[in-house]
Structures are given as C-alpha cells and as structure tokens.
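This report concerns only the one structure given below.
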Amino acid sequence: MLSMLPRGCTETLAFGTLLHDIAKPQCFAVAADGKMTYYGHTDQGAEMAVGIMSRLRRSRAVQDRVAYLVRDHLRLTMAPRMRPATRKRMITEDGFDELMQLATIDALASSSYLGFYHLCRRELAALGAVETRPPRLIGGNDLIAMGFRPGPAFKEILREVEDLQLDGAIATRDEAIAFVRENYLPTPDAGSA
C-alpha cells in the first residue's frame, strides 16, 4: 500500500496508510467456521494511531485526521448500502478525499473491488454544494411555534427532517412541518399534567 501512495501526498494520508490496520494483531480471532476476523480493529487502531501521533509530536489536527482515516477506512465499502442522506453526509466530511484515497489503495492491495469508489465519485460529481448541505426547511423556532420545548429532542427531529430532505423524500417547508406534526408529539409544559 505504501508503494501506491501518490508522490508528495499529505503526511496524514501517509500515516493513515501505514497505521490503518495496526490493531489487527490484537483483534485477531478465528470464528467457529474457521474464518479469521478482526472485529474492532478500526476503533482500536484509531486510538493507537492517536497515541503514536502524539508521541511523534504531531499536531492535534494531524492526530485527529489520522484517527479518522484509520477508524473509517472500511466505512466507504458500505456506501452502496447506505441511506442516501448518510452517504451525502459522508462524502461532504472534512478529510473525505484522503479517506477515499486510503480506501481505494486498501481495496487495490487486497480485493480490488472499487464499486464504492465509483459510486462516491459519481455522487460527488453530481452534487453541488446546495444539494449536499441544503438550507434547512425548518429550524428550532418552527418547532417552538409547533409547541415543542427546547431540548435534546430538537436535534433528533431536525436531523430526521434533514435526512428526509437529503433522501429527496421531502422538499418544502410545508412537507417538513407536516412530517413533524405526523411523527412527533409536542412537549407538554412542566406546569400542565
């Protein structure tokens, strides 16, 4: 994989490539059917990568990016099965280009399956900035006007509305309000019971 890195690549991509499977030895197991598994190697590897980057006195930004690359390098292979909203959020993440490079190099070094790569590239090319992060259809003030009390449920409701918007299931403010009214109950006041 290291020999496949592009000349002059970022240090985060180089370290991400070097460390992406660092936790495989600790996570190795043999299932009942004889299949070798490495469950949890991405999360454990991300923790190990932060420790290594810290000992190498790399900045917090480098530590965080390398941890992201190590933790998420297999996530791209799930792209064809992701909900469209989840995939759109993923391809607009900071560092996604490096993640795509790492996942592609990893695939070429092993299975050579690149369906996820082609899917993500097509979506990136097709999406404009407005489509990947469209303006919100509703906000917190709208929820308050519908009788909701500010709190943790706001984030859940607004995220679900945004997911539906990114999926193409709703497109207007009226549709968003109708969805909330049909699927969520306003928070009763603390004084009324």
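In my numbering, the protein residues as written are 46 to 238. Even for Gly, the Cβ is constructed at its ideal location relative to N, Cα and C.
For the pair Asp117 and Leu144, the CB atoms are nearer than the 8 Å cut-off.
Around the C-beta of Met123, fewer than 16 other C-beta atoms lie within 10 Å, and the residue is accordingly described as exposed. For the options Gln146, Gly184, Pro179, Ile202, the alpha carbon positioned closest to that of Arg52 is the one of Gln146. For Thr137, the three-state secondary structure derived from DSSP is coil. For Gly90, the enclosing alpha helix (DSSP H) stretches over residues 86–100. Apart from the 5 residues on each side of it in sequence, Ala130 sits with its Cβ closer than 6 Å to the Cβ of Asp208, Leu211, Asp212 in its chain, given in chain order.
Fully contained in the region 159–200 are the following alpha helix (DSSP H) runs of length 4 or more, in chain order: 160–171, 174–177, 185–190.
With respect to Ala170, Leu159 sits apart: the two C-beta atoms are not nearer than 8 Å.
Just so you know, the alpha carbons of Met135 and Phe141 end up roughly 7 Å apart.
In the three-state DSSP reduction, Met81 falls in the strand class (E or B). Beta-bridge analysis with DSSP links Val225 to no other residue.
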